[in-house]
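Reading through the structure tokens given below for one structure.
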Amino acid sequence: ALNKLQRRALRLRAYPARKIKMLVYTDIQGSPAYNRRRARKVGEKIVQFLKGEGVDPKQIEVVAMGERDPVIRSYSAEAKRKNRRVVFVYEEK
């Protein structure tokens, strides 16, 4: 995962005017409010990592999606792994 984030940091540093939305998803275990808080915390940690890699945090908007739009609607280990994800959406110029 770090290599992917480091590559993302390189791309963001190369285009400092570019803005992204970072959609952070959780699995479906827990209440919707809890999952949104958990997604927000994960997003904030990723922003801190990217900041440490030289990215301006103003380029990133964290959107805590929580348990919305699950890839797999199940409590299995595989479903939890696939549903916990971060999607980077680059804004159009």
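The opening position of the sequence shown corresponds to residue 18 in my numbering, with each subsequent residue numbered one higher. Using N, Cα and C, we set each Cβ at its ideal position, and we do this for glycine too.
So what does residue i bridge to, in DSSP terms?
i	result
residue 77	37
residue 83	42
residue 107	37
residue 102	42
CA-CA distance, residue i and residue j?
i	j	result
residue 38	residue 53	16 Å
residue 75	residue 36	8 Å
residue 127	residue 33	The requested residue 127 is not part of the displayed model; the chain covers only 18 to 110.
residue 119	residue 79	Residue 119 falls outside the range modelled here, since the chain spans only 18 to 110, and no answer is possible.
residue 105	residue 48	24 Å
residue 43	residue 60	11 Å
residue 95	residue 26	28 Å
residue 91	residue 101	12 Å
residue 146	residue 51	Here the chain comprises residues numbered 18 to 110, so residue 146 is not present and cannot be evaluated.
Kindly list the residues whose CB is nearer than 8 Å to the CB of residue i, restricted to its own chain and excluding five residues on each side of it in sequence; keep chain order.
i	result
residue 22	63, 66, 67 and 70
Cutting at 6 Å between CB atoms, please list the residues of its own chain near residue i, excluding the five before and the five after it.
i	result
residue 108	36
residue 40	80, 82 and 104
residue 29	72 and 76
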